[in-house]
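Novice:
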Amino acid sequence: MNDLFIARRRSDLRIIWIGVDGSRWVLHGAGARQEGAWIETVKGILDPPSTLRTRSSARQRGSTPGTVKVDERVIDLTVHLTATADDPLPVVERRWDRSWSMEQDGRLWVITDDSARWFDVRPREDIEVDLAVDPRRRGVVTMEMTLVACDVDAHGHTDTTDWQCAEETTVVLSNPTDLPAWPTFVAEAGQWTFPDGVSGDTVALKQATQPIVVRTLPGVEKVTYADGTPGYPLLAGQRFTQPLPPHTPPTKVTVTGTGALQIITERRWKRGW
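Pasting the structure below:
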């Protein structure tokens, strides 16, 4: 189904393209067409493509549910280009073409009154232009574009809170999104113990001789010093295993340590709005 058909229930929706050259194009909503481009249809900005993997034995009746596979997000657009008050159609075409690259992501924003989320996207294949009627004669170029967001999540704002800690300090963690969240702790030099999720589990680090950045997200370097050098020995073989679950209300947890602490949590969502 055309996601834009669903989206028209929201009069506040805007879709904005920020090109690889820094250009800005309002494609839908207030301000659309001012730069000479607008979209007729868009698919793929709701939920990412997901498949439940199942398994079954030869004699099994039915199957057994397994893991969920989330594939890359593919976004299909039908785009129209036309002349503006300042630029004829050929100039608009050239500007539009310069804003895209298969070798670099641009940013597609989906904005409503209560959210602003974005996808980093690039063309997945060559742009297909409708040449059934000479575009120059009818004054409109219509094209079908297939984009790919290898990072499938819709990125929201990054939540940052600052705390001044003295020994055991109560801080607040939350996650209003529909995806797990993994906070980052930025702390002064010292000996720190950080929460592992909101279950009450903790991870105690060894003494740090300079400020540290502690990332709980799996698959990234967990601890680095302020100068960028690795600080993994501070973990002493431990690891963070628990994210903030989706829809976690503000929850009090304990941090042990002395000095300034900053907690950074990126908000990621399944849906574009």
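Reminder that position 128 of the sequence shown reads as 113 in the numbering used here, one-by-one numbering, no gaps.
Here a beta-carbon is modelled for each residue, glycine too, at the ideal position from N, C-alpha and C.
#1: Using the Cβ count rule (16 or more neighbours within 10 Å means buried), how would you classify T250?
#2: Determine the burial state of E78: buried for a count of at least 16 other Cβ atoms within 10 Å of its Cβ, exposed for fewer.
#3: Using a Cβ-Cβ cut-off of 7 Å (strictly less than) and excluding sequence neighbours within five positions of A17, which residues of its own chain qualify?
#4: Please state whether DSSP places R46 in a helix, a strand or coil.
#5: Is DSSP giving D147 helix, strand or coil here?
#6: Per the contact definition of three or more C-beta pairs closer than 8 Å, is the segment 82 to 99 in contact with the segment 171 to 186?
#7: Mind checking whether I60 and V114 have CB atoms under 8 Å apart?
#8: Counting only the same chain and skipping the five closest in sequence on each side, list residues whose C-beta sits under 6 Å from that of P34.
#9: Locate the alpha helix (DSSP H) running through E129, then write down its first and last residues.
#10: Would W81 and I3 be called neighbours here (beta carbons separated by less than 8 Å)?
#11: What does a CB cutoff of less than 8 Å around A245 pick up in its chain, not counting 5 residues either side in sequence?
#12: Round the Cβ separation of T69 and G21 to the nearest angstrom and send it over; I've been treating them as touching at under 8 Å.
#13: Identify whether R79 lies in helix, strand or coil by the three-state DSSP scheme.
#14: For the segment 157 to 168 and the segment 230 to 238, state whether three or more C-beta atom pairs, one from each stretch, are separated by less than 8 Å.
#15: How many whole angstroms separate the CB atoms of R107 and D90, which I take to be in contact at a CB cut-off of 8 Å?
#16: Could you give the residue range of the beta strand (DSSP E) that holds H13?
#17: What residues are listed by DSSP as bridge partners for H140?
#18: Check the DSSP bridge columns for S35 and list the partner residues they point to.
#19: Along the chain, where does the beta strand (DSSP E) containing P235 start, and where does it finish?
#20: Drop a sphere of 10 angstroms on the beta-carbon of P75, count the other beta-carbons inside from all chains shown, and report buried for 16 or more, exposed for fewer.
#21: If you check the beta carbons only, do F225 and V188 fall under 8 Å apart?
Specialist: Looking at the atomic coordinates:
#1: buried
#2: buried
#3: V11, W23
#4: coil
#5: strand
#6: no
#7: no
#8: D56
#9: Element bounds for E129: not the alpha helix (DSSP H) but the beta strand (DSSP E), 125 to 134.
#10: no
#11: D147, W148, Q149, C150, A172, E173
#12: 4 Å
#13: helix
#14: yes
#15: 5 Å
#16: 9 to 13
#17: W103, R253
#18: V55
#19: 233 to 241
#20: exposed
#21: yes
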